[in-house]
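Respectively, the protein sequence lines represent chains A and B. Going left to right, the first sequence walks through residues 1 to 467 as our numbering numbers them. Going left to right, the second sequence walks through residues 1 to 177 as our numbering numbers them. C-beta: ideal position from N, C-alpha, C; glycine also. Fair warning: this is a prediction, and the values are worked out from it, not measured in the lab.
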Amino acid sequence: MTLFQARSTLGVFADDRRPRANDPIVAPEQTISTMTTTICAPPLREKWPLWWKLSLAAALLLVVILVIAIGWLFYAGVGIWGIDWPVVWGFAIINYVWWIAIASGGTFISALFYLAEVEWRNALNRIAETITIFAAACAALYPILHLGRPWLFYWLFPYPNVMTVWPQFRSPLLWDFVAILAYVVASILFWYFGLVPDLATMRDKAEAPHKRRFYGVLALGFRGSENAWRYYHVGYGLLAALMAPLVISVHSIVGLDFAGAATLGWHSTQFPPFFVFGALLSGFAAVMLLAIPARRLLGLEDFITGRHFDILGKLLLTSSLCVGYAYLMEAFTTFYGPDAAEKRLFVDKVGGELAPIYWATILFNVLTPQLMWWRRIRLNELLVVLVSLAVIVGMWCERYVIVVMSLRRTHLPSAWGGYTPTIWDWLTLFGTIGLFIVGLLIAVRLLPTVSMFEMREVILRNARQDR
Amino acid sequence: MSREDKTLMAPNGLAATFLSEEASLAALARLDEANVGDTQLFSPLAPERTPRPTRLPAVALALGLLGAGGAFGLQTYANVVAYPLDVGGRPPFSWPSFIPIAFEVGILSAVLATIIGAGALCGFTRYYDPVDRTRAIRDAMIDRWVIVVRAVNSDALARSRDIMQDCDARMIEEAEL
Numbered sequence: 001m002t003l004f005q006a007r008s009t010l011g012v013f014a015d016d017r018r019p020r021a022n023d024p025i026v027a028p029e030q031t032i033s034t035m036t037t038t039i040c041a042p043p044l045r046e047k048w049p050l051w052w053k054l055s056l057a058a059a060l061l062l063v064v065i066l067v068i069a070i071g072w073l074f075y076a077g078v079g080i081w082g083i084d085w086p087v088v089w090g091f092a093i094i095n096y097v098w099w100i101a102i103a104s105g106g107t108f109i110s111a112l113f114y115l116a117e118v119e120w121r122n123a124l125n126r127i128a129e130t131i132t133i134f135a136a137a138c139a140a141l142y143p144i145l146h147l148g149r150p151w152l153f154y155w156l157f158p159y160p161n162v163m164t165v166w167p168q169f170r171s172p173l174l175w176d177f178v179a180i181l182a183y184v185v186a187s188i189l190f191w192y193f194g195l196v197p198d199l200a201t202m203r204d205k206a207e208a209p210h211k212r213r214f215y216g217v218l219a220l221g222f223r224g225s226e227n228a229w230r231y232y233h234v235g236y237g238l239l240a241a242l243m244a245p246l247v248i249s250v251h252s253i254v255g256l257d258f259a260g261a262a263t264l265g266w267h268s269t270q271f272p273p274f275f276v277f278g279a280l281l282s283g284f285a286a287v288m289l290l291a292i293p294a295r296r297l298l299g300l301e302d303f304i305t306g307r308h309f310d311i312l313g314k315l316l317l318t319s320s321l322c323v324g325y326a327y328l329m330e331a332f333t334t335f336y337g338p339d340a341a342e343k344r345l346f347v348d349k350v351g352g353e354l355a356p357i358y359w360a361t362i363l364f365n366v367l368t369p370q371l372m373w374w375r376r377i378r379l380n381e382l383l384v385v386l387v388s389l390a391v392i393v394g395m396w397c398e399r400y401v402i403v404v405m406s407l408r409r410t411h412l413p414s415a416w417g418g419y420t421p422t423i424w425d426w427l428t429l430f431g432t433i434g435l436f437i438v439g440l441l442i443a444v445r446l447l448p449t450v451s452m453f454e455m456r457e458v459i460l461r462n463a464r465q466d467r
Numbered sequence: 001m002s003r004e005d006k007t008l009m010a011p012n013g014l015a016a017t018f019l020s021e022e023a024s025l026a027a028l029a030r031l032d033e034a035n036v037g038d039t040q041l042f043s044p045l046a047p048e049r050t051p052r053p054t055r056l057p058a059v060a061l062a063l064g065l066l067g068a069g070g071a072f073g074l075q076t077y078a079n080v081v082a083y084p085l086d087v088g089g090r091p092p093f094s095w096p097s098f099i100p101i102a103f104e105v106g107i108l109s110a111v112l113a114t115i116i117g118a119g120a121l122c123g124f125t126r127y128y129d130p131v132d133r134t135r136a137i138r139d140a141m142i143d144r145w146v147i148v149v150r151a152v153n154s155d156a157l158a159r160s161r162d163i164m165q166d167c168d169a170r171m172i173e174e175a176e177l
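What follows is the structure, given as structure tokens:
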């Protein structure tokens with residue numbers, strides 16, 4: 001029995017709502033009225049289903065764990081983590097890079113593909129941008145927690161002070177601080193700006209006075225006048241044009257955090273593009289992973305169709321090939337170069353104590369996405385979830401390899417060390433996953449999951465073409 | 001003005017809803033031709049009419065460059081004048097390393113300029129507008145194209161109504177605007 005037959009026998013997704021190869025970008029029977037009603041329905045409904053309440057309860061439990069972990073960290077210091085000399089960057093930096101890469105995928109979809117005028121992004125950009133802001137918030141927590149004395153984080157800002165000390169602007173770590181700050185602020189503004197017309201729709205669609213007031217305040221008085229649309233469109237286009245280079249620069253700078261150091265395995269000119277490839281891969285995987293439950297649970301099958309799965313699957317495959325190329329080049333430059341320590345480190349990576357993590361990275365990031373060559377798999381929700389999940393785990397493993405393996409094997413064998421994460425490392429990681437899920441759940445509870453004003457453009461354009 | 005005066009005041013405006021952009025634009029063209037008064041179109045998505053040029057991109061660029069220049073200047077001041085520090089023998093004015101922060105601050109400045117500029121031009125935070133007195137405006141962000149006319153006199157108001165009816169308006173209502 002094949003996996004596909006087994007799935008049908010079990011009744012998993014064996015219904016008419018599954019993605020199909022010839023699906024259009026939006027179901028042809030949808031009009032702007034029906035689309036608006038369908039998308040407004042989940043946030044406007046009075047009571048929410050059990051799945052939402054249970055998910056929120058579980059995620060809130062993780063947030064409580066995060067608060068406890070952070071509280072204990074503030075009290076006892078970073079010694080509660082597994083970091084020590086020489087592995088001074090442990091989970092905090094692994095998780096930071098992992099989260100910020102997940103965040104970047106959202107911006108790629110919403111900004112880069114907006115500039116490329118591709119219609120399919122209109123159904124996914126809200127989900128993608130929401131992923132961006134909550135993943136970026138989780139990412140931004142880590143460098144601050146990692147400071148040792150987090151309450152002095154404001155020392156990173158350049159301001160005149162009585163100590164007459166200024167930040168060292170020649171350090172990529174400070175570039176990173178500014179880049180992340182700019183990225184988080186710009187992402188939140190881009191997300192909110194993109195929401196304004198839909199908030200106005202929610203205001204006008206809501207029946208209950210308190211909901212009308214709530215969405216009315218958030219909609220900032222937007223009424224859809226011709227003048228407002230004119231400037232709105234120009235502003236949105238400008239923001240997209242600014243966000244696209246911003247996201248690439250942010251991930252390049254994250255790569256420079258590593259490449260700027262004279263550390264084995266890090267000091268490489270390929271790190272900035274390598275990190276951008278990784279961001280693309282994990283971002284697309286995160287969007288796919290969350291688009292599937294959103295589609296099913298919120299009744300968005302007419303808007304997130306087989307066409308979206310097909311395209312996202314191809315993008316995942318392409319970015320996986322780019323990441324695979326970077327892994328290959330890492331091996332090539334190591335053995336092409338003269339540094340014996342680099343070669344020793346690489347051999348340790350592929351055959352040493354932590355080799356299973358390296359090979360898990362290759363398996364999840366390069367080999368598993370190759371399944372996406374087959375359309376049948378790209379359209380299979382269960383397999384897409386599994387492949388995306390594998391990539392998310394694989395990208396975490398990749399950061400573990402980069403951070404831990406390089407630091408534990410320095411140039412001097414006398415300075416070699418080890419790294420074992422503690423329970424507080426793990427609890428902080430799971431806590432941020434909870435924080436991310438809480439953010440997403442609240443967003444789908446209150447806000448439209450698909451950009452309605454952009455979907456109207458697609459629906460009307462299709463209707464005109466049909467005529 | 002007392003409540004009694006208000007109720008006696010005749011409506012001076014008209015709001016009409018249309019099912020399509022084509023119908024609303026046709027009506028708008030005829031209303032403008034008839035010179036009935038100020039007309040405004042409200043729609044659930046941006047109309048496809050040719051957009052007029054705006055200075056917003058130029059303003060965003062200027063403020064972006066200002067932000068980038070300011071960040072570059074601050075870094076130069078901090079690392080060259082206020083706190084010169086020898087890092088591996090590099091010169092204090094190691095300008096290439098000031099570029100990433102200048103770039104990020106430049107982008108952030110342009111983003112802020114765009115948000116504030118576009119927000120001001122779009123009329124963000126204008127929570128009340130006389131058109132809110134019409135029922136029709138509540139459909140404009142859902143699935144209708146709404147034309148609002150502020151007629152110059154009662155004759156223009158009557159002509160507006162005729163034009164709207166001719167152009168297949170679905171709902172026409174009079175209001176004080």
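Using a C-beta to C-beta distance shorter than 8 Å, which residues of chain B count as neighbours of residue i?
i         : result
A/Trp-166 : Ala-78, Asn-79, Ala-82 and Tyr-83
A/Thr-269 : Neighbours of A/Thr-269 on chain B: none; closest Cβ ~14 Å, over 8 Å.
Residues of chain A with CB under 7 Å from residue i, in chain order?
i         : result
B/Asp-143 : Ile-32, Ser-33 and Thr-36
B/Glu-104 : Val-178, Ala-179, Ala-182 and Ser-249
B/Ser-94  : Arg-170
B/Leu-108 : Ala-182, Val-185 and Ala-186
B/Ser-97  : Phe-169 and Arg-170
B/Val-111 : Ala-186, Leu-189, Leu-239 and Leu-242
Using a Cβ-Cβ distance cut-off of 9 Å, determine whether residue i contacts chain B.
i         : result
A/Tyr-96  : no
A/Ala-228 : yes
A/Leu-460 : yes
A/Thr-422 : no
A/Pro-470 : With chain A covering only 1 through 467, there is no way to say anything about residue 470 of chain A.
Does the beta-carbon of residue i have 16 or more other beta-carbons within 10 angstroms, so that it is buried, or is it exposed?
i         : result
A/Asp-302 : buried
B/Pro-84  : exposed
A/Ile-423 : exposed
B/Pro-100 : buried
A/Tyr-114 : buried
B/Glu-176 : exposed
B/Met-164 : buried
A/Gly-148 : exposed
Just to make sure I have the definition right: I need the residues of chain B whose C-beta is within less than 9 Å of the C-beta of residue i. Which are they?
i         : result
A/Lys-204 : At residue 204 of chain A the sequence reads Asp, which differs from the Lys that was named. Correct list: Ile-137, Arg-138, Asp-139, Ala-140, Met-141 and Ile-142.
A/Phe-453 : Pro-44, Leu-45, Ala-46 and Met-141
Please confirm whether residue i has its beta-carbon closer than 9 Å to some beta-carbon of chain A.
i         : result
B/Ser-43  : yes
B/Asp-132 : yes
B/Leu-121 : yes
B/Leu-181 : With chain B represented from 1 up to 177, any question about residue 181 of chain B goes unanswered, as that position is not in the structure.
B/Phe-18  : no
B/Val-178 : Since the displayed chain B opens at 1 and closes at 177, residue 178 of chain B lies outside it and no answer follows.
B/Ala-46  : yes
B/Ala-118 : yes
B/Glu-33  : no
B/Arg-3   : Because B/Arg-3 sits at a pLDDT of 46, beneath the cut-off of 50, its placement in the model cannot be relied upon, and the following sentence gives the value as read from the coordinates. No, no contact with chain A.
Using a Cβ cut-off of 8 Å, pull out every chain A residue sitting near residue i, in sequence order please.
i         : result
B/Pro-91  : Per Cβ cutoff of 8 Å: no residues; B/Pro-91 is ~10 Å from chain A at best.
B/Asp-129 : Gly-221 and Arg-223
B/Ile-115 : Leu-189, Phe-193, Gly-235 and Leu-239
B/Ala-60  : Leu-238 and Leu-242
Taking Cβ-Cβ distances shorter than 7 Å, what residues in chain B pair up with residue i?
i         : result
A/Pro-158 : Leu-74 and Ala-78
A/Phe-332 : Within 7 Å Cβ-Cβ: nothing; A/Phe-332 doesn't reach chain B, min ~27 Å.
A/Ile-253 : Pro-100
A/Ala-259 : Here the premise fails: no neighbours, minimum Cβ distance about 12 Å.
A/Glu-457 : Leu-45
A/Trp-175 : Pro-100 and Ile-101
Run through chain A and tell me which residues come within less than 9 Å of residue i, C-beta to C-beta.
i         : result
B/Thr-125 : Leu-220 and Gly-221
B/Ile-163 : Within chain A, no residue comes near B/Ile-163; the closest Cβ sits about 18 Å away, beyond 9 Å.
*Quick one: any contact between the segment 135 to 149 of chain B and the segment 15 to 22 of chain B, if contact means 3 or more CB pairs under 8 Å?*
yes
*Using a beta-carbon distance cut-off of less than 9 Å, what residues from the segment 211 to 236 of chain A approach chain B?*
Gly-216, Val-217, Ala-219, Leu-220, Gly-221, Phe-222, Arg-223, Gly-224, Ser-225, Glu-226, Asn-227, Ala-228, Trp-229, Arg-230, Tyr-231, Tyr-232, His-233, Val-234, Gly-235 and Tyr-236
*With contact counted as at least three CB pairs below 8 Å, one residue from each stretch, are the segment 403 to 423 of chain A and the segment 18 to 31 of chain A in contact?*
no
*Using 8 Å as the threshold, is the segment 304 to 321 of chain A in touch with the segment 131 to 140 of chain A, meaning 3 or more CB pairs across them?*
no
*Do the segment 354 to 371 of chain A and the segment 316 to 327 of chain A make contact, defined as three or more Cβ pairs closer than 8 Å?*
yes
*Residues from the segment 113 to 131 of chain A in contact with chain B, defined by Cβ distance under 9 Å*: none
_Check whether the segment 55 to 74 of chain A and the segment 423 to 432 of chain A are in contact - that is, three or more C-beta pairs closer than 8 Å._
yes
_Counting beta carbon pairs with one atom in the segment 78 to 94 of chain A and one in the segment 117 to 124 of chain A, are three or more of them shorter than 8 Å?_
no
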